[in-house]
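Visitor: Residue numbers (the UniProt record's numbering): 1 to 156.
In this text, a Cβ means the ideal position worked out from N, Cα and C, and glycines have one as well.
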Amino acid sequence: MEQLDETDQEILSLLQTNVYEITNEEIGQQVGVSSTTVSDRISKLEERGVIESYETVLDYEAAGIHHHFLLFCTVPLADREQMAAETLEKHGVITVREILAGKENLHVEIIGESTSEIAAIIESLESSGIDVNRSEVLKQEYSRPFNGFGPERSTP
């Protein structure tokens, strides 16, 4: 796999923090290349799979969806990848994480408008062979983009 050069890293850094608020022209000005170069670089990063998607982050509470849970589940190791993909297609499931090691090797994030909807989602998961070991109510989630790209890289 081809390494990212400094220009690609700076473009990625800006996209991670401002993808919907910054133009290719503005990125080009900050990185020191033309907007055409930025567009070409972004297209190549998409083709290589470095950029997989552009996502909108929702506030589920503000959208009227008041129940947000994280489920800690166990699935057979041999079936983990397939079960993760199938689980992501289920109603109410918004994130599935395959965990490399440990008993709880699948984490499933679910949302619902009522406790009965949450219960139905959990029953659906269990009927598909997923052992739901425990659940936690999510109050708030915080995330940030990786800051190892660009001119102001963070170091450990």
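Going residue by residue through the region 28–66, where are the continuous alpha helix (DSSP H) segments of at least 4 residues, counting only ones entirely within it?
Guide: Here the runs fully enclosed are 35–47.
Visitor: Taking C-alpha atoms, which residue in 87, 70, 83, 75 lies nearest to residue 101?
Guide: Locating residue 101 in the sequence shown gives position 101, counting from the first residue. If we check each option's Cα against that of residue 101, 75 comes out closest.
Visitor: Just checking my contact of residue 133 with residue 72 at CB under 8 Å: how many whole Å lie between their CB atoms?
Guide: Taking the first residue of the sequence shown as position 1, residue 133 is located at position 133. Taking the first residue of the sequence shown as position 1, residue 72 is located at position 72. Right, their Cβ atoms sit about 5 Å apart.
Visitor: In the DSSP assignment, find the beta strand (DSSP E) that holds residue 133 and state where it starts and stops.
Guide: Counting from one through the sequence shown, the residue named residue 133 turns up at place 133. Run containing residue 133: 131–137, per the beta strand (DSSP E) assignment.
Visitor: So residue 118 and residue 110 are in contact, right, with Cβ under 8 Å, and what is the actual spacing, rounded?
Guide: Taking the first residue of the sequence shown as 1, we reach residue 118 at position 118. Taking the first residue of the sequence shown as 1, we reach residue 110 at position 110. Right, the Cβ-Cβ distance comes to about 7 Å (below 8 Å), so this counts as a contact.
Visitor: Which residues does DSSP list as the beta-bridge partners of residue 10?
Guide: The residue given as residue 10 occupies position 10 in the sequence shown. DSSP output for residue 10 lists no bridge partner at all.
Visitor: Using three-state DSSP, classify residue 110 as helix, strand or coil.
Guide: One-based indexing of the sequence shown puts residue 110 at position 110. Looking at residue 110 - three-state DSSP - the assignment turns out to be strand.
Visitor: Residue 157: which of 137, 84, 120 sits nearest, CA to CA?
Guide: Residue coverage of the chain in this structure runs from 1 to 156, which leaves residue 157 outside it and unanswerable.
Visitor: Any idea what DSSP makes of residue 95, helix, strand or coil?
Guide: Residue 95 sits at position 95 when you count from the first residue of the sequence shown. Note: residue 95 maps to strand in three-state DSSP.
Visitor: Which value, in whole angstroms, describes the spacing of the CA atoms of residue 2 and residue 46?
Guide: To locate residue 2, count along the sequence shown from 1; it is residue 2. To locate residue 46, count along the sequence shown from 1; it is residue 46. When rounded, the distance between both Cα atoms is 13 Å.
Visitor: Where residue 63 and residue 140 are concerned, what is the direct C-alpha to C-alpha distance, given to the nearest angstrom?
Guide: As a position in the sequence shown, residue 63 is number 63, starting the count at 1. As a position in the sequence shown, residue 140 is number 140, starting the count at 1. Going by the C-alpha atoms only, they are around 14 Å apart.
Visitor: In the DSSP assignment, find the unbroken alpha helix (DSSP H) run with residue 80 in it and report its ends.
Guide: Locating residue 80 in the sequence shown gives position 80, where the first residue counts as 1. Element bounds for residue 80: 80–88.
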